[in-house]
Structure formats: structure tokens, C-alpha cells
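Q:
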Amino acid sequence: MEKVEPRTLSGFLELLPEEQILFNQLQDIIRETYEKYGFLPLDTPVIEYSSVLLAKAGGETEKQIYRFNKGDNDLSLRFDLTVPLAKYVAKNYNDLIFPFKRYQIGKVYRGERSQKGRFREFYQCDIDIIGDNELSLLNDAQIPCVISEIFTKMNIGKFTIRINNRKLLNGLFQSLQVENNTKEILREIDKIDKIGEEKVKENLLDLNLSQEQVKGVLNFIKISGSTNEKIEQLEMLNIKNETFLLGLEEIKTVISYMRDLGMKEENFTIDLTIARGLDYYTGTVYETILNDYPSIGSICSGGRFDSLAEFYTDKKLPGVGMSIGLTRLFYQLREAGIIKVEKKTLLDVLLISMTNNSNYVLNVAKQARDQDIKVDVCDLEKTTKQKFKYANRIQVPYVGIIGEEEEQENKISLKNMQTGEQELLTIEEFIRKIKD
RNA sequence: GCGGUAUUGGUGAAGUGGUUAACACGCUGGUUUGUGGCACCAGUAUGCAAGAGUUCGAUCCUCUUAUACCGCCCCA
Numbered sequence: 312m313e314k315v316e317p318r319t320l321s322g323f324l325e326l327l328p329e330e331q332i333l334f335n336q337l338q339d340i341i342r343e344t345y346e347k348y349g350f351l352p353l354d355t356p357v358i359e360y361s362s363v364l365l366a367k368a369g370g371e372t373e374k375q376i377y378r379f380n381k382g383d384n385d386l387s388l389r390f391d392l393t394v395p396l397a398k399y400v401a402k403n404y405n406d407l408i409f410p411f412k413r414y415q416i417g418k419v420y421r422g423e424r425s426q427k428g429r430f431r432e433f434y435q436c437d438i439d440i441i442g443d444n445e446l447s448l449l450n451d452a453q454i455p456c457v458i459s460e461i462f463t464k465m466n467i468g469k470f471t472i473r474i475n476n477r478k479l480l481n482g483l484f485q486s487l488q489v490e491n492n493t494k495e496i497l498r499e500i501d502k503i504d505k506i507g508e509e510k511v512k513e514n515l516l517d518l519n520l521s522q523e524q525v526k527g528v529l530n531f532i533k534i535s536g537s538t539n540e541k542i543e544q545l546e547m548l549n550i551k552n553e554t555f556l557l558g559l560e561e562i563k564t565v566i567s568y569m570r571d572l573g574m575k576e577e578n579f580t581i582d583l584t585i586a587r588g589l590d591y592y593t594g595t596v597y598e599t600i601l602n603d604y605p606s607i608g609s610i611c612s613g614g615r616f617d618s619l620a621e622f623y624t625d626k627k628l629p630g631v632g633m634s635i636g637l638t639r640l641f642y643q644l645r646e647a648g649i650i651k652v653e654k655k656t657l658l659d660v661l662l663i664s665m666t667n668n669s670n671y672v673l674n675v676a677k678q679a680r681d682q683d684i685k686v687d688v689c690d691l692e693k694t695t696k697q698k699f700k701y702a703n704r705i706q707v708p709y710v711g712i713i714g715e716e717e718e719q720e721n722k723i724s725l726k727n728m729q730t731g732e733q734e735l736l737t738i739e740e741f742i743r744k745i746k747d
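In this note's numbering, the protein residues as written are 312 to 747.
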């Protein structure tokens with residue numbers, strides 16, 4: 312029979328079991344930490360009506376979205392978790408308690424040209440806090456604390472959450488009177504780390520900015536020093552623009568709250584060049600990098616928006632959130648050797664029977680499982696050598712050997728596969744030993 | 001959407017216009033049917049991405065297609 316070649320679409324990540332175990336460990340840290348801070352779980356469909364997903368979308372989104380027809384329905388795969396959240400909040404407004412804090416871990420889809428570390432299907436792990444009409448800046452401060460705790464727990468080295476406020480940039484643009492092509496300017500600012508100051512200057516001039524305007528922009532994004540020094544310099548710019556001053560107040564407040572929340576100084580910084588979100592965010596914006604691996608890029612980003620669901624409802628629903636791109640993070644961490652596969656099995660113990668008598672060994676398995684021990688029984692008809700070979704391959708920490716002798720005495724020989732030590736234990740002793 | 005480079009077993013790969021496509025890892029079996037890892041032995045690509053062409057002869061040269069990777073674009 313003609314066989315079909317088993318292959319996976321480009322840009323879709325598929326892992327081996329031992330890799331998936333590692334991936335899930337990271338995901339568990341994220342989920343547990345989100346829950347610890349009071350975020351509620353949410354799951355929404357992968358497929359939505361195109362009209363819902365594309366309510367606000369512009370050109371690029373439409374190009375990247377997976378869109379198809381089924382019958383008369385025009386459907387799309389979700390490309391992020393924020394738009395479905397907006398729909399959800401608008402739809403369930405009357406049943407939700409505000410501020411609504413939700414987390415969502417799920418796959419999203421983007422029909423981009425896939426490259427190494429860039430996926431078409433990937434996990435996003437979002438937290439967002441949605442207010443009804445208003446939302447305290449305390450939330451802007453709590454979000455990076457959650458993220459900081461997660462990356463600390465993951466033990467992936469030093470990281471920095473870069474913080475900025477879009478009002479600073481918008482206010483600056485207003486004061487410089489360069490408001491018509493802010494989007495392009497933001498894009499250039501975002502590139503400064505990559506292409507350097509000179510090139511940015513050139514590009515800005517190409518955007519028809521005057522020498523003076525370029526100078527104004529560069530003076531702003533070149534501000535450096537400690538967090539407090541940066542704030543000082545921002546104040547010294549003496550920009551008398553309402554938006555700018557509001558942004559400055561906001562970022563000062565947020566940072567003050569963050570310090571009160573115990574956020575370590577080394578884990579955050581003001582970075583006036585981050586301009587992510589382009590036209591999406593309206594206040595605080597965040598981006599996170601690993602200090603030792605800047606080339607990995609941002610592993611987590613987000614920000615504040617004034618009105619989450621304006622395309623679905625007249626209600627004003629300000630929100631703030633952040634998203635970890637887990638698939639990319641996992642892939643990059645593994646590529647860089649920061650995380651390594653350790654376990655090939657989740658089992659605590661594998662039972663190996665030396666006899667053909669199934670009754671006793673299966674009963675031991677049942678008793679162990681009742682005590683929440685992860686246990687499996689090796690296929691009975693295999694040879695002893697094959698059974699041990701299997702145990703060795705899956706790297707199970709313990710093997711429970713059960714033969715005639717053990718069966719008669721109601722015991723089990725527990726072998727530590729690392730040290731090779733073996734001892735004859737009662738079932739109770741065996742269970743106690745595995746549990747600690 | 002636009003460029004560049006590549007494609008040899010399950011994996012990492014060497015190699016040449018002309019007999020059996022190196023080596024290593026992995027896997028399977030055996031030496032060893034109440035004890036794995038180590039060692040030794042044996043097995044493991046009718047084929048060099050697919051198709052067409054040039055040639056007495058192509059994995060090697062040419063073209064087309066597919067796929068992958070690297071840039072650009074973009075990244076809510």
C-alpha cells in the first residue's frame with residue numbers, strides 16, 4: 312500500500328515526550344503564579360466568526376489570519392487572546408465582577424512566513440485586568456510583579472522588564488508637532504537597539520522630520536541612567552505638554568507601587584525606546600528581555616489600553632495585561648541551552664513481574680495508585696532483560712520487582728535504578744519510601 | 001509578499017561523473033530466560049528531496065517543483 316509521508320506543517324511545533332514534560336513544567340509555573348495573584352481561568356474557542364475577530368483589524372492582521380469558510384460561515388482562527396477576551400467581556404458584561412482579572416493559556420495562529428523561533432501556531436499565556444469605566448494604576452504595577460515571579464521561578468537567568476508609557480511618546484510627538492506619521496516614527500524608535508542611532512536618525516529624516524524634530528526624538532530616547540535618574544531627566548526636558556506630563560505622573564506612580572510590592576530594582580528599568588503595540592496601547596507598556604541573551608528578543612510584553620471592547624460595546628473598559636509567548640520562549644531557552652530535558656517519564660516506579668502471575672503485581676499497582684503514586688506495570692510477557700531495558704530507557708527512578716518470593720511474603724523488592732541498591736519491603740514500606 | 005543558501009537511512013553526517021555510498025549515534029536481536037546501564041557479536045539506505053534533461057553512464061552537471069533555513073517586510 313502506498314504510504315503517506317508523515318509530516319507536520321511548517322511553523323507548528325511538535326515535541327517529544329521528554330520535551331513536552333519540560334514545556335508543561337514551564338506552563339505549570341505560569342498557571343500557578345497567575346492563580347496565586349487572583350487571576351481567574353478563561354478558555355475561549357480557537358475558531359471565531361471573522362467579523363468578530365476582525366472588528367478592529369487593519370491590513371497586516373488580515374494578511375496573517377487563517378480564514379476559511381464552512382458552509383455559509385466566514386470563520387477565522389484566533390491570532391491572539393486579547394480580541395477574544397474583549398468579545399467575552401462585552402458579551403458577559405452583566406455577569407462579570409470588575410475589576411475582572413483573567414488568565415488564559417492557549418494556542419493562537421498567525422499565517423506568517425515561519426522562521427526559526429517564529430511559529431504559526433503558538434501558545435500565549437495572557438493575564439489581563441479589565442476595569443469597568445476606570446482601573447487603578449496599581450494594576451499596572453502588579454502585572455510586572457507577577458511576570459517577575461514567574462521568570463524567577465523558571466530559573467532562566469537574569470531578566471529585565473522594560474517599562475515605558477505611551478503618553479510620554481505621544482506627548483513628545485505633540486510637542487514636536489509630528490503627529491501625522493507617529494506609527495512610522497515609533498517603528499524606527501523600536502529599532503534603535505538593532506540598527507543604531509545613526510541609522511535611526513537617517514530614517515527619521517527620510518520620514519520628513521526636520522533636524523530639530525529628529526533631535527527632539529533622539530534626545531528623548533537617549534535618556535539613560537538609573538530609574539530615578541531617568542525620571543529626573545524626563546522632568547528636566549521641561550516639556551509642557553499635558554499628555555506628556557500625565558504619562559510622567561503615571562510611570563512614576565507605577566514604579567512607586569512596584570517598589571512597594573517588593574519588585575527588585577534589578578528586574579525592571581524604564582526604557583523609553585520600547586514602543587510596542589503601535590496604535591494599540593495607550594499608557595504603560597512592557598517588554599521583557601533576558602539580560603544574557605538579548606538576541607532572543609522580548610519574551611513577554613503587554614501594556615495598558617483605554618478601551619478594550621470598543622468594537623463590541625459602548626461601555627468603557629480600560630485594561631492592562633501582559634502575555635508570555637510560551638512556545639517561542641521554550642524554543643529559545645532550549646536552543647540557548649538555558650533549559651534542558653531531564654525526565655523521560657513521569658512515573659515514580661515501574662513494576663516488573665518475574666512470574667506469569669498477574670494477580671499480585673496488578674494489585675500492588677492498584678494500591679500504589681490509590682496512594683497517588685505514579686506507577687505502571689511492565690508488559691508481563693516480555694523477557695526480564697527486555698523489561699529492565701525498558702525501565703532503563705524511560706529512566707524511571709525506581710523499579711519494583713515482584714517474583715515468587717515477594718508474592719509469598721506479600722512484599723516487593725524496590726530497586727533504585729540510579730544507585731542499583733535494592734531492598735525487600737512490605738507494601739506499606741514501599742509506598743512510604745516512594746512518597747518521600 | 002521579496003531575496004539568498006541548502007536538501008544523502010530513525011539521527012549527526014563523509015563522499016565521488018563509472019564496481020558493494022564511509023564513519024558515528026540510535027534502534028532490534030544475541031552472548032546473559034530473577035535484574036538494566038558497560039563490553040563484544042550480528043542486523044539495520046535496491047538508495048543520495050521529487051520529476052525531467054545532458055551523458056555510454058549522474059547522488060555529483062542543467063532545469064522545474066517541493067521543503068527547510070537565513071535575511072527583508074511585518075509582528076495587536
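We put the CB at the ideal spot given by N, CA and C, even for glycine.
Model, not experiment: these values are computed from the prediction.
Note down, one range per segment and in chain order, each beta strand (DSSP E) of at least 3 residues found wholly within the segment 616-679.
A: 630-636 and 660-664
Q: Cα-Cα, which of L396, G422 and D437 is closest to Y414?
A: Here residue 414 corresponds to residue number 103 of the first sequence, with the count starting at 1. For the residues L396, G422 and D437, the minimum Cα distance to Y414 belongs to D437.
Q: What runs of the alpha helix (DSSP H), each 4 residues or longer, lie entirely inside the segment 552-586?
A: Counting only runs of 4 or more residues that sit fully inside the segment 552-586, the alpha helix (DSSP H) segments are 553-571, in chain order.
Q: With respect to the alpha helix (DSSP H) encompassing G711, which residues constitute its N-terminal and C-terminal limits?
A: Against the first sequence, residue 711 aligns to sequence position 400. Not the alpha helix (DSSP H): G711 falls in the beta strand (DSSP E), residues Y709 to I713.
Q: From the DSSP output, in three-state form, read off L591 for me.
A: In the first sequence, counting from the first residue as 1, residue 591 sits at position 280. Strictly speaking, residue 591 in this sequence is Tyr, with Leu absent from that position. Note: Y591 maps to coil in three-state DSSP.
Q: Going by the CB atoms, is the gap between P317 and E445 shorter than 8 Å?
A: As a working mapping, residue 445 is identified with position 134 in the first sequence. As a working mapping, residue 317 is identified with position 6 in the first sequence. It is not a contact, given that the beta carbons lie outside the stated cut-off.
Q: Taking contact to mean 3 or more Cβ pairs, one atom from each stretch, closer than 8 Å, check whether the segment 457-477 and the segment 334-348 are in contact.
A: yes
Q: For I472, report the span of its alpha helix (DSSP H) as first-last.
A: Taking the first sequence and counting its residues from 1, one reaches residue 472 at position 161. Where I472 is concerned, there is no enclosing alpha helix (DSSP H), although the beta strand (DSSP E) it sits in stretches over F470 to N476.
Q: Just curious, the beta strand (DSSP E) that L520 is in, first and last residue?
A: The residue you call residue 520 lines up with position 209 of the first sequence. Careful: L520 lies outside any beta strand (DSSP E) and carries neither H nor E.
Q: With distances taken between CB atoms, is the gap from L778 to K746 smaller than 8 Å?
A: No answer is possible for residue 778: the residues shown for the chain start at 312 and end at 747.
Q: Would you mind giving the Cβ-Cβ distance between L479 and L559, rounded to the nearest angstrom? I have them listed as a contact below 8 Å.
A: The residue you call residue 479 lines up with position 168 of the first sequence. The residue you call residue 559 lines up with position 248 of the first sequence. The Cβ separation is near 6 Å, so the contact holds.
Q: Can the beta-carbon of A366 be found less than 8 Å from the beta-carbon of F622?
A: Position 55 of the first sequence, counting from 1, holds the residue named residue 366. Position 311 of the first sequence, counting from 1, holds the residue named residue 622. Their beta carbons are under 8 Å apart, which means A366 touches F622 by this criterion.
Q: Is N530 helix, strand or coil by DSSP?
A: Start at 1 with the first residue of the first sequence, and residue 530 comes out as number 219. Of the three classes helix, strand and coil, the one that applies to N530 here is helix, per DSSP.
Q: Can you list, in chain order, the residues of its chain whose CB lies under 7 Å from that of E423, leaving out five sequence neighbours each side?
A: What you label residue 423 is simply residue 112 of the first sequence in a count that begins at 1. The answer, listed in chain order, is Q375, R429 and R431.
Q: Which residue comes first and which comes last in the alpha helix (DSSP H) that contains D504?
A: Numbered from 1 along the first sequence, position 193 holds the residue referred to as residue 504. Unbroken alpha helix (DSSP H) run through D504: I503 to I506.
Q: Is it true that the segment 646-659 meets the segment 694-713, where meeting means three or more beta-carbon pairs spaced less than 8 Å apart?
A: In this structure the segment 646-659 touches the segment 694-713; the number of beta carbon pairs closer than 8 Å is three or more.
Q: How is the beta strand (DSSP E) around I441 delimited, first residue to last?
A: Position 130 of the first sequence, counting from 1, holds the residue named residue 441. Looking at the DSSP string, the run of the beta strand (DSSP E) that includes I441 is E432 to I441.
Q: Would you check if there are 3 or more beta carbon pairs closer than 8 Å linking the segment 634-649 to the segment 600-619?
A: yes
Q: Considering only DSSP beta bridges, list what N384 is partnered with.
A: Stepping through the first sequence from its first residue, residue 384 is reached at position 73. BP columns for N384 point to K381.
Q: When the Cα atoms are used, what is the spatial distance from L324 to G527?
A: Indexing the first sequence from 1 puts residue 324 at position 13. Indexing the first sequence from 1 puts residue 527 at position 216. Taking the straight line joining both Cα atoms gives about 44 Å.
Q: Taking the Cβ atom as the reference point for each residue, do I542 and K563 lie within a distance shorter than 8 Å?
A: Taking the first residue of the first sequence as 1, we reach residue 542 at position 231. Taking the first residue of the first sequence as 1, we reach residue 563 at position 252. Yes.
Q: By alpha-carbon positions, which one of R680, S567, S447 and N667 ends up nearest to K693?
A: By one-based count along the first sequence, residue 693 stands at place 382. Among R680, S567, S447 and N667, the Cα nearest to that of K693 belongs to N667.
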